[in-house]
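Each protein sequence line maps, in turn, to chains A and B. Counting from 13, one number per residue, gives the positions in the first sequence under this note's numbering. Counting from 30, one number per residue, gives the positions in the second sequence under this note's numbering. Okay, structure first, notes after.
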Amino acid sequence: MCTTCGCGPHSDHHHDHEHIHDHEHIHEHEHTHGDQSHSHPHPHSHDHDHGDQHHHHDHLHDDAQPHQHSHDEAHRSKKITIEEDILAKNNRLASFNRALFKEKGILVLNLVSSPGSGKTTLLERTLRDLSGKYRCAVIEGDQQTDNDARRIAATGVPVKQINTGAGCHLDAHMVMHATEAFDLDQLDILFIENVGNLVCPAAFDLGEAHKVVVLSVTEGEDKPLKYPQMFHNSGLMLLNKVDLLPHLTFDVPQCKEYAGRVSHDLAILEVSATSGQGLDGWYGWLERELGR
Amino acid sequence: MHEMSLTQGIVDICLQHSGGQRITTVVIEIGTLSGVVPEAVEFCFSACSSDTLAESARLEIRRLEAQGRCLDCSTLQPVERLYDPCRHCGSYALEILSGEEMRVVEIEVDD
Chain A
13 MCTTCGCGPH
23 SDHHHDHEHI
33 HDHEHIHEHE
43 HTHGDQSHSH
53 PHPHSHDHDH
63 GDQHHHHDHL
73 HDDAQPHQHS
83 HDEAHRSKKI
93 TIEEDILAKN
103 NRLASFNRAL
113 FKEKGILVLN
123 LVSSPGSGKT
133 TLLERTLRDL
143 SGKYRCAVIE
153 GDQQTDNDAR
163 RIAATGVPVK
173 QINTGAGCHL
183 DAHMVMHATE
193 AFDLDQLDIL
203 FIENVGNLVC
213 PAAFDLGEAH
223 KVVVLSVTEG
233 EDKPLKYPQM
243 FHNSGLMLLN
253 KVDLLPHLTF
263 DVPQCKEYAG
273 RVSHDLAILE
283 VSATSGQGLD
293 GWYGWLEREL
303 GR
Chain B
30 MHEMSLTQGI
40 VDICLQHSGG
50 QRITTVVIEI
60 GTLSGVVPEA
70 VEFCFSACSS
80 DTLAESARLE
90 IRRLEAQGRC
100 LDCSTLQPVE
110 RLYDPCRHCG
120 SYALEILSGE
130 EMRVVEIEVD
140 D
């Protein structure tokens, strides 16, 4: 069992990276360090040590009010108050990731979209254009295949593929382990390309600075209304494939208006990963975010 | 369907708190803007709780109505959808104050 996060055996992760151990972090289990001699603070958040928060309400309705029971035998039950966020575990690990990324000074972006919006092509272009300026890495999330990771690897940028199998989204735990593939001290920007899905990834904080939602003009302009959660939770919308607009009936102002309804302060940039149109605006946005 | 992993999270939380007792009732709260479909959680619950102490527990889902505040006119109001305008001034600049919650409230176990 992984002693950092309590997960079961993984075939492809390990915890001997110093970044796991050299700063304050939150995890669920105490871990041991073998022969490592350094000490470090642990602001622990134990998710299963709530014994003192339980409120027990004994239901003494077996003896006092037997007429209310159809059971043959007396039945005693006990209420246990929990009041715990269902995403608490993911959110704790996301906080761990966020603290780590902040300490390392890495801008981390979670790219989300429906399948086929052009996320990978946009990343390929971005990585090539920014090579020499920023040190980037990519985590690729797909249910199956490492096709996208191989495309990214061809740009010369470090990449780690996560295959979720049947899973429809990445979670903070997967990202935590995927980052072990990189030397975080040597990175400026980490792009996480989420599973192509405009629904499920919206709920899962990975520890990113922003979700960047990519919408292509070959989709409907009402996508922001159909999938409001994702657009509401994003900090930037990239309207991609705008080089195709002359061939389509896509209504750009209407799409932007819809997006503004769902998220009134959502930044929107029109880009084409193929023609390069609008990419300067995207790179300018990245530069501003890196400076924050 | 991310309800499957969320429901697995529900079952995990319940088992952690059950003290090894059989769980008879699970009460959860789901905000109307959480992006979670209650019926999907119900569907997943029987699968996720199978062969655990929560198997055959009754699942009670409480819906929490969302509340928001208009950033332009400050009116507090219920919010049904993320793209609804302010009921008072028509602005779309609504700050969501609640309704995105997903919480295990309590469980009932054999004593």
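Idealized CB from N, CA, C, for every residue including glycine.
Quiz item: Taking 9 angstroms as the CB-CB cut-off, is Asn96/A touching chain B?
Solution: The question names Asn, but residue 96/A is Glu in the sequence shown. By this cut-off, Glu96/A is an interface position.
Practice problem: Decide yes or no for the touch test of the stretch 51 to 60 of chain B against the stretch 87 to 99 of chain B: beta carbon pairs closer than 8 angstroms, at least 3 of them. | Solution: yes
Exercise. Could you name the residues of the stretch 161 to 177 of chain A whose beta carbon sits closer than 8 angstroms to any beta carbon of chain B, in the order they occur along the chain?
Key: Taking 8 angstroms as the cut-off between beta carbons, none of the residues of the stretch 161 to 177 of chain A comes near chain B.
Quiz item: Shorter than 9 angstroms from the beta carbon of Asn102/A to some beta carbon of chain B?
Solution: yes
Quiz item: So, is Gln241/A buried or exposed, given that buried needs 16 or more other C-beta atoms within 10 angstroms?
Solution: buried
Self-check item: Cβ neighbour criterion (16 or more within 10 Å) applied to Glu32/B
Solution: buried
Quiz item: Is DSSP giving Gln77/A helix, strand or coil here?
Solution: Residue placement at Gln77/A is poorly supported in this model, since its pLDDT is 44, which falls under 50; the coordinates still yield a value, given next. In the structure shown, Gln77/A sits in coil (DSSP, three-state: anything other than H, G, I, E or B).
Quiz prompt | Proximity to His222/A [Cα-Cα], best of Glu96/A, Ala285/A, Phe243/A and Gly288/A | solution = Phe243/A
Self-check item: Residue from Pro67/B, Tyr112/B, Ile42/B and Ser47/B with nearest C-alpha to Lys235/A
Solution: Tyr112/B
Quiz item: Rounded to a whole number of angstroms, what is the C-alpha to C-alpha distance between Cys180/A and Asn102/A?
Solution: If you take the alpha carbons of Cys180/A and Asn102/A, they lie about 15 angstroms apart.
Quiz item: Any beta-carbon of chain B closer than 9 angstroms to the one on Asp84/A?
Solution: Only weak support is given to the placement of Asp84/A: the predicted model assigns it a pLDDT of 47, under 50, and the value that follows is read from those uncertain coordinates. Chain B, which has no Cβ nearer than 9 angstroms to the Cβ of Asp84/A, makes this no.
Quiz item: Does any C-beta atom of chain B lie closer than 9 angstroms to the C-beta of Lys90/A?
Solution: yes
Self-check item: Within 9 angstroms of chain A by C-beta, residues of the stretch 98 to 109 of chain B in sequence order
Solution: Leu100
Exercise. Return helix, strand or coil for Ser63/B, following the three-state DSSP convention.
Key: coil
Quiz item: Cα-Cα, which of His117/B, Met131/B, Gln106/B and Arg116/B is closest to Ile125/B?
Solution: The residue with the shortest Cα to Cα distance from Ile125/B is Gln106/B.
Quiz item: Beta carbon of Leu256/A, beta carbon of Val264/A: below 9 angstroms?
Solution: no
Practice problem: Report yes or no: is there a C-beta of chain B within less than 9 angstroms of the C-beta of Val274/A? | Solution: yes
Exercise. Could you work out which residues of chain A lie near Thr81/B, taking near to mean beta carbons separated by less than 9 angstroms?
Key: In chain order: nothing, as chain A lies at least about 15 angstroms away.
Self-check item: Any C-beta of chain A under 9 angstroms from that of Leu88/B
Solution: no
Exercise. Return yes when the Cβ of Cys43/B is within less than 9 angstroms of the Cβ of Ile204/A, no when it is not.
Key: Not closer than 9 angstroms, so no.
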